[in-house]
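Asks:
Listed below in structure tokens is the structure:
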């Protein structure tokens, strides 16, 4: 069975999922596809020019408390970021361009940890460099390649694909054409994949 | 342990919860408090004058499919209502005014079944009469009492209380001051109640 995990680096609820999903899916004998995309253009389509958690304060207040509870239950070292949402554009381009390479899942987790455990600005190349498991020089080259139009185009295509599939938030799990939205649907998505694939 | 279940009769995701929550909570030795309220005034505060599932079509499309899956998993006879959201004002006034009476939980479930299994207009008194476990005459009297200013006031107070507590959607579960939003958080709410009460 195969699960696509659509995630955005700025997304709070994607953080606990990113930290556990690979283990959960592979333990069930499944294959996980990491699908970075941007929520910005999708939110814009809905008329939102900021995170709905900032636009709707009650929703935001709840989310921060909920995230704290989830991280505690998952044993994660969560620290509320002092800036939200952080711009994950460059991180997403890296994850997109090098998609399929063995080091990418660990890079993704490092970026989430930088944002939600260490409260670091993941839009900065110097932070991303620390998330890459390479020498400074190699990391520098990888980041440079992620600034090319090819990488930009690849991320744009992922985001367009997400839009076309009807994805409207993150984290989203897809099993074939079935959409499961929200971290609390991860179990349901895995169950669905097991029963239907 | 005690769980407050804040629900709105028009709310789709409240339906599968309403059908199972009492059994789940009492099986765990807990006490369930039914808390009817209206989402309309709360959505208005957020600038929405319709259900967000109608305002944001992608979200709506997902919700209908998701609800179908959940009902199938729960073994419920779900039928997509031809009108959404239905006006649950009168049903909520009844549930509010007679809150605590033994027949109320079954009445609540009957109204949800009318809306989401039988596709009936729950705003109509003739439909609500069929949901009440009384003779025609007694039901008529109950409905009449639910049209008094006392019943109106009680529902208004519930809705104001929900707003004050930071509730922004339904179903919502409250354990003390802890809010859990969404049907998929029911297990987490029960777990929280067990661990913290």
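Protein chains in written order, with our numbering: chain A, 2 to 198; chain B, 2 to 198.
Yeah, the Cβ is synthetic: ideal placement off N, Cα and C, and Gly gets one too.
Since this is a predicted model, take the numbers as computed values, not measurements.
(1) Can you give me the Cβ contacts of residue 1 (chain B) inside the same chain, cut-off strictly under 7 Å, excluding the 5 residues immediately before and after it?
(2) Return yes when the Cβ of residue 130 (chain B) is within less than 9 Å of the Cβ of residue 117 (chain B), no when it is not.
(3) At 3 residues or longer, what runs of the beta strand (DSSP E) sit wholly inside the segment 65-129 of chain B?
(4) By Cβ distance below 7 Å, which residues in the same chain neighbour residue 97 (chain A) in space, the five residues on each side in sequence not counted?
(5) The alpha helix (DSSP H) spanning residue 142 (chain B) covers which residue range?
(6) Would a C-beta distance cut-off of 9 Å place residue 14 (chain B) and residue 64 (chain B) closer than the cut-off?
(7) Please report how far the alpha carbon of residue 90 (chain B) lies from the alpha carbon of residue 74 (chain A), in whole angstroms.
(8) Hey, residue 82 (chain A) and residue 120 (chain A): beta-carbon distance below 9 Å or not?
(9) Step through the CB atoms of chain A and report whether any lies within less than 9 Å of the CB of residue 11 (chain B).
(10) Would you kindly report the start and end of the unbroken beta strand (DSSP E) that includes residue 6 (chain A)?
(11) Are the C-beta of residue 67 (chain B) and some C-beta of chain A separated by less than 9 Å?
(12) Label residue 86 (chain B) either buried or exposed according to how many other C-beta atoms from any shown protein chain fall within 10 Å of its C-beta, with 16 as the threshold for buried.
(13) Report yes or no: do the segment 45-60 of chain A and the segment 18-29 of chain A share at least 3 C-beta pairs separated by less than 8 Å?
(14) Check each candidate in B:185, B:188 and B:34 and name the one with the smallest Cα separation from residue 103 (chain B).
(15) Answer yes or no: do residue 1 (chain A) and residue 40 (chain A) have a C-beta to C-beta separation smaller than 9 Å?
(16) In chain order, what residues of the same chain lie with their CB nearer than 7 Å to the CB of residue 190 (chain B), ignoring the 5 residues before and after it?
(17) Closer than 8 Å, Cβ to Cβ, to anything on chain A: give me those residues from the segment 28-56 of chain B, in chain order.
(18) Between residue 7 (chain B) and chain A, is any beta-carbon pair separated by less than 9 Å?
(19) Taking 9 Å as the threshold (C-beta atoms), are residue 111 (chain A) and residue 88 (chain A) in contact?
Replies: With the structure as the only source:
(1) Beyond the ends of chain B as shown, which are 2 and 198, falls residue 1 (chain B); an answer cannot be given.
(2) no
(3) none
(4) 37, 152, 155, 156 and 159
(5) 137-146
(6) yes
(7) 38 Å
(8) yes
(9) no
(10) 3-8
(11) yes
(12) buried
(13) no
(14) B:34
(15) Only positions 2 to 198 of chain A appear in this structure, which leaves residue 1 (chain A) out of reach.
(16) 4, 174, 176 and 181
(17) 47
(18) no
(19) no
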